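Taking the working numbering as reference, the numbering of the sequence shown is continuous, increasing by one, and the terminal residue is 358. C-beta: ideal position from N, C-alpha, C; glycine also. Quick caveat, the model's predicted, so the values are computed rather than measured. First up is the structure itself, then whatever we jot down about it.
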Amino acid sequence: MSRARHLLSIADLDDAELGRLVDDASAVARGAWDDRKPLAGKCIGVYFRRTSTRTRTSFTVGAHRLGGSVIAYGPNDLQLATGESMADTGRVLANYLDALVVRTNDGIQEMRDLAAQPTMAVVNAMSEDEHPTQAIADLSAMREALGRLEGLHVLYLGEGNNTTAALALAVAKTPRMRLTIVTPEGAGLPAQPLERARRLAAANGSAIEQHHRMDRLPEGVDVVYTTRWTTMGVPKADPNWLEHYRPYAVTETVMERVAKADTVFMHDLPAMRGQEVTDAVLDGPRSIAFRQAYHKLTAAMAVLAWSTGCGA
Numbered sequence: 047m048s049r050a051r052h053l054l055s056i057a058d059l060d061d062a063e064l065g066r067l068v069d070d071a072s073a074v075a076r077g078a079w080d081d082r083k084p085l086a087g088k089c090i091g092v093y094f095r096r097t098s099t100r101t102r103t104s105f106t107v108g109a110h111r112l113g114g115s116v117i118a119y120g121p122n123d124l125q126l127a128t129g130e131s132m133a134d135t136g137r138v139l140a141n142y143l144d145a146l147v148v149r150t151n152d153g154i155q156e157m158r159d160l161a162a163q164p165t166m167a168v169v170n171a172m173s174e175d176e177h178p179t180q181a182i183a184d185l186s187a188m189r190e191a192l193g194r195l196e197g198l199h200v201l202y203l204g205e206g207n208n209t210t211a212a213l214a215l216a217v218a219k220t221p222r223m224r225l226t227i228v229t230p231e232g233a234g235l236p237a238q239p240l241e242r243a244r245r246l247a248a249a250n251g252s253a254i255e256q257h258h259r260m261d262r263l264p265e266g267v268d269v270v271y272t273t274r275w276t277t278m279g280v281p282k283a284d285p286n287w288l289e290h291y292r293p294y295a296v297t298e299t300v301m302e303r304v305a306k307a308d309t310v311f312m313h314d315l316p317a318m319r320g321q322e323v324t325d326a327v328l329d330g331p332r333s334i335a336f337r338q339a340y341h342k343l344t345a346a347m348a349v350l351a352w353s354t355g356c357g358a
């Protein structure tokens, strides 16, 4: 086995690696990989401790399309459920698997424990901290829709969550992109990931801004992006949280305020219609949310080939 390349955080990638993954995802979308089977003879584990529609399906279908085989584990299938450590589980599974795709509501550290072996790649398919493969899908979808990434201005509305963290890092690593994050007070991207993204952005001529005022929305943005306000369906402690969030919904009025002729709307899905976005926006002519969901597959294929050292 060759040495694995883990994808646990966008921050772990250098700019060239992120660029290559987006390029490869774009190539998949164009059909350039249709006849390639770089994972022939490889076995991919898919271990999801939380619900998933798009990500689990994308990695499973992507592995099969690239010629690999897949074994799926539910939350109680591994001996982790009886007390075996993450590090020991990783060392054992590395005897059999070429890559393990993991989703959890916990932090990245447990994935780093799984990755503490040299031969099995570990891919973060969403943790409490970050959703890196979503960010790769997002950049690929933006490039397809708008023809470029450099110079794009993305407006993110809603809660600062794991998708926001990955998006901020991806924008920061892409030359001259700009991300404006507007969230309810107390629901912004935490200080540590925000400052990390800003430091990375400074090296690329990019910019990351966060504030909480809907009366200060930028105009003429290229992308308007939102996510579900209850990440992974986890309920809020505050019984009145929804009223606090409602002003940050993406409505037709908001789109008219910030959009220009070719502005697109994005959502990582699932959408809670009538909360973070209205039907008129999600189903409207500017929305690429469901094409964006397709790019979950292109990103999964790019990541699997790269992480196993089998780039097409």
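Within 10 angstroms of the Cβ of residue i, are there 16 or more other Cβ atoms? Answer buried if so, exposed if not.
i	result
R222	exposed
G206	buried
T297	exposed
Q364	A question about residue 364 goes unanswered here, because the residues of the chain that appear run from 47 up to 358.
K306	exposed
M47	Because M47 sits at a pLDDT of 46, beneath the cut-off of 50, its placement in the model cannot be relied upon, and the following sentence gives the value as read from the coordinates. M47 comes out exposed.
Q180	buried
T299	exposed
V267	buried
A62	exposed
D261	exposed
H110	exposed
V74	buried
P230	buried
E156	buried
N170	buried
S131	exposed
A78	exposed
D184	buried
Among the options, which one has its Cα closest to the Cα of residue i?
i	options	result
T103	A181, D123, V148 and G77	V148
L112	N122, R82, A133 and V92	R82
V228	L213, A248 and L201	L201
P236	D159, A187, H257 and S72	H257
L240	T220, A211, D268 and A216	A211
R363	M172, V310 and A249	Nothing in the structure corresponds to residue 363, since the chain is present only between 47 and 358.
A187	L64, V68, E63 and T354	V68
V138	G234, T165 and N170	T165
R245	A214, G234 and L198	A214
Q321	R292, R337 and M312	R292
T354	K282, A140, A133 and D60	A140
D60	K219, A243, V116 and T276	K219
G232	R49, A50, W287 and A145	W287
A145	M301, A50, F311 and N250	A50
L192	S333, R66 and V280	S333
Between which residues of its own chain and residue i is the CB-CB distance below 6 angstroms, once the five residues before and five after are set aside?
i	result
D70	A348
F94	R102 and R149
A346	S104, F105 and G108
L203	V228, T272, Y294 and V296
H177	N208, T209 and A212
D314	Q180, T209 and T273
E196	P221 and R222
F114	The residue asked about is misnamed: residue 114 is Gly in this sequence, not Phe. Answer for G114: L85, K88 and I90, listed in chain order.
V224	One detail in the question is off: residue 224 reads as Arg in this sequence, not Val. Answer for R224: H199 and A253, listed in chain order.
A118	V92
T277	N207
Less than 8 angstroms between the CB atoms is what I'm expecting for residue i and residue j, so what's the real figure, rounded?
i	j	result
P264	V304	6 angstroms
T309	V270	7 angstroms
I56	A248	About 16 angstroms separates the two Cβ atoms, so there is no contact after all.
Between residue i and the rest of its own chain, which residues show a CB-CB distance below 8 angstroms, the 5 nearest in sequence each way excluded?
i	result
D284	H290
A317	R274, V323, L328 and A335
D58	H52
Closest Cβ-Cβ distance between residue i and chain B: below 8 angstroms?
i	result
A346	The chain inventory of the structure shown lacks chain B, comprising one protein chain alone.
Residues in the same chain with beta-carbon distance under 7 angstroms from residue i, minus the five sequence neighbours each way, listed in chain order, please.
i	result
R100	L315, A339 and K342
A5	The requested residue 5 does not occur in the structure, where the chain is confined to residues 47 to 358.
R319	D325 and L328
E190	S72 and A75
E174	N151, D152, G153 and N208
Q163	G136, R137 and A140
Y142	C89
Report yes if the C-beta of residue i is less than 7 angstroms from at least one heavy atom of the ligand GTP; otherwise report no.
i	result
S173	The model on display carries no ligand, and the ligand GTP is accordingly not part of it.
Inset, instruction - Pair every Cβ in the region 338-345 with every Cβ in the region 118-127, then say whether three or more of these pairs are closer than 8 angstroms. - result: no
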